[in-house]
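Participant: Mind having a look at this structure? Questions to follow.
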Amino acid sequence: MTPLYWAVSALLVGWHWLLSQVFDKDSGWAWALSIAGLTIVIRTLLIPLFVRQIRSSRNMQLLQPKMKELQKKYGHDREKLGQEMMKLYKDTGTNPFSSCLPLLLQSPIFLALFRVLDYASKGKTHSSIMDPYVNSLQHAKIFGAEISQTFLKAGSGPGSTNVKIVAVVLIILMTATMFITQLQLMRKNMPKEALEGQAAQMQKIMLYVFPVFFLIGGFNFPIGVLIYWFVSNLWTMGQQFYVIRRNPAPGTPAYDAMEARKREHNLRAGRPTDEGIVGADAEGDTLTDRRPGQRQQPKRQSRSDRKTGPVGSEPAAANGQAAPQDAAPKPQAAAAKKQPAAKKATSGKRQPAGKTAAQRRAAQKKPGSR
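Using the working numbering, you'd call the opening residue of the sequence shown number 1 and step up by one each time.
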């Protein structure tokens, strides 16, 4: 955990230095907003995992029909069912535990921040980076409550009431945002099939168990850690709201709502109602290809084709059914044959005739010259 202690301390000190340009360096708001800045940095680094979590969640939703088939087929054999399920996950590149990755990876950071604040409340540090700032962090207050104190350790001294009130408010906000985030995911971005079976059990655990765990454990968290989880849950809620609204999973209420918004937008803009909607029937106004058909170019015929006629007329002649259209090209073919023949005949006759006239003129001149 030592590298994490150093990393968390460095981020806290960096944000504190930046915010000290606006707030007093010993102000509780400077440290509280530094913790919020730390949260934003961590959640930004976890965005790739969040994208992976969304993809895995969608794959799990799309696999529900196949999973039901496997359960019906191998329901009597748990070992075989488990093997087939793992094979299905491997073939589709789905990891059923990806939805827990962001939370699991935040746990060490949460623990490191917890230890840093807990040590600060005792005037101690885990790293030399925090040595010049430990006294400032130990006594920093928001709403009269030290951010290094917890609900259970507040005691009954001066300021203990403020610590308890601020801690309870943050615990409620932290738990409520976590519950609402998971609830909107289940109600808006999950098909009915995903709310049954093994996947449904996992979703219910995330919906009820995690908020209860943080609700109970929050009484032993420093106020600074409660700020961290509250800001992190707000980030998750906003991130998930954006994804559900702009890119919902097919077959979910959020997807139907997105299509309804698109239709309404098309109606206002005077465009076809179903334009830009995937899966819309290509009829009437939804027809996308409005170009005229391309004119078919005639094929070049060889000499044998010209003798036997068009290729298309051969099946009709073979069946003994001569169509009137087949007879039309024949005179043209005959004329095509005669035309080169006539040219050959005329060209053949004119050439010898020209030679004979020259010979006659030459023969007439010869006697005159004598």
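Note that the Cβ used here is the ideal one computed from N, Cα and C, for glycine as well.
Everything numeric in this text was worked out from a predicted model, so none of it was measured.
Using DSSP with H/G/I as helix, E/B as strand and the rest coil, what is E275?
Facilitator: coil
Participant: Helix, strand or coil: how does DSSP classify A140 here?
Facilitator: coil
Participant: So, at 7 Å on beta carbons, what are the nonlocal neighbours of P102 in its own chain, with the 5 sequence-adjacent residues on each side left out?
Facilitator: The beta carbon of P102 sits closer than 7 Å to those of L46, L49, F50, Q53, all from its chain and outside the five residues before and after it, given in chain order.
Participant: Short of 6 Å in beta carbon distance, which residues of its chain neighbour S160, apart from the five on each side in sequence? Order them along the chain.
Facilitator: A154
Participant: Where DSSP assigns a beta bridge to P222, which residues make up the other side?
Facilitator: T150
Participant: Mind reading off the beta-carbon distance from T177 to N233? Whole number of angstroms is fine, and I expect it under 8 Å.
Facilitator: Confirmed, Cβ separation roughly 4 Å.
Participant: Can you tell me whether K68 is helix, strand or coil according to DSSP?
Facilitator: helix
Participant: So, using beta-carbon positions, are E84 and L70 closer together than 7 Å?
Facilitator: Their beta carbons are under 7 Å apart, which means E84 touches L70 by this criterion.
Participant: Does the segment 4-24 touch the segment 204-222, meaning 3 or more C-beta pairs lie closer than 8 Å?
Facilitator: no
Participant: Under the assumption that R263 contacts T273 (Cβ atoms under 8 Å), give the Cβ distance between them as a whole number of angstroms.
Facilitator: The Cβ separation is near 5 Å, so the contact holds.
Participant: Can you tell me where the alpha helix (DSSP H) holding L38 begins and where it ends?
Facilitator: 28-45
Participant: Between the C-alpha atoms of V134 and D26, what's the straight-line distance to the nearest angstrom?
Facilitator: 10 Å
Participant: Please work out which residues of its chain come closer than 7 Å, Cβ to Cβ, to A10, disregarding the five sequence neighbours upstream and downstream, and give them in chain order.
Facilitator: Hits under 7 Å: I129.
Participant: Less than 6 Å between C-beta atoms, sequence neighbours within five positions excluded: which residues of the same chain meet that for V231?
Facilitator: A36, T39
Participant: What residues are listed by DSSP as bridge partners for A145?
Facilitator: I142
Participant: Smallest Cα separation from I165: which of F23, P250, G28, I223?
Facilitator: I223
Participant: What did DSSP end up calling S402 once you bin it into helix, strand or coil?
Facilitator: Residue numbering for the chain in the displayed model covers 1 to 370; residue 402 lies beyond these limits and cannot be assessed.
Participant: Rounded to whole angstroms, what is the Cα-Cα separation between F114 and L81?
Facilitator: 42 Å
Participant: With burial defined as no fewer than 16 other Cβ atoms inside 10 Å of the residue's Cβ, what is the status of F213: buried or exposed?
Facilitator: exposed
Participant: With distance defined between alpha-carbon atoms, name the residue in I142, G144, L152 nearest to D118.
Facilitator: The option with the nearest alpha carbon to D118 is L152.
Participant: What is the DSSP secondary structure of P410, reduced to helix, strand or coil?
Facilitator: The chain is shown from 1 up to 370; residue 410 falls before or after that span and cannot be answered.
Participant: Look at the alpha carbon of Q201 and the alpha carbon of G276, and state the distance between them as a whole number of angstroms.
Facilitator: 36 Å
Participant: Can you tell me whether H126 is buried or exposed, with buried defined as 16 or more other CB within 10 angstroms of its CB?
Facilitator: A residue is called buried once 16 or more other Cβ atoms fall within 10 Å of its Cβ, and H126 is buried on that count.
Participant: Whose CA, out of G251, Y255, G270, V22, lies closest to the CA of Q64?
Facilitator: G251
Participant: Report the three-state DSSP secondary structure of S57 (helix, strand or coil).
Facilitator: helix
Participant: Please report the distance separating the alpha-carbon of V13 from that of M190.
Facilitator: 41 Å
Participant: When the distance is taken between beta carbons, is I171 closer than 7 Å to G218?
Facilitator: yes
Participant: Quick one: Cα of L215 to Cα of L267, how far?
Facilitator: 47 Å
Participant: Give me the Cα-Cα distance between S107 and A269, rounded to the nearest whole angstrom.
Facilitator: If I take the Cα positions, the gap works out to 49 Å.
Participant: Measure the C-alpha to C-alpha separation of M174 and H76 and round it to an integer number of angstroms.
Facilitator: C-alpha of M174 to C-alpha of H76: approximately 43 Å in a straight line.
Participant: Q332 by DSSP, collapsed to three states: which one?
Facilitator: Bear in mind that the predicted position of Q332 carries a pLDDT of just 48, short of 50, making it too unreliable to give a figure here.
Participant: Return helix, strand or coil for D256, following the three-state DSSP convention.
Facilitator: helix
Participant: Do the CB positions of P253 and K188 come within less than 7 Å of each other?
Facilitator: yes
Participant: Have a look at Y255 and K66 and give me their C-alpha separation to the nearest angstrom.
Facilitator: 22 Å
Participant: Look at the alpha carbon of R271 and the alpha carbon of S57, and state the distance between them as a whole number of angstroms.
Facilitator: 34 Å
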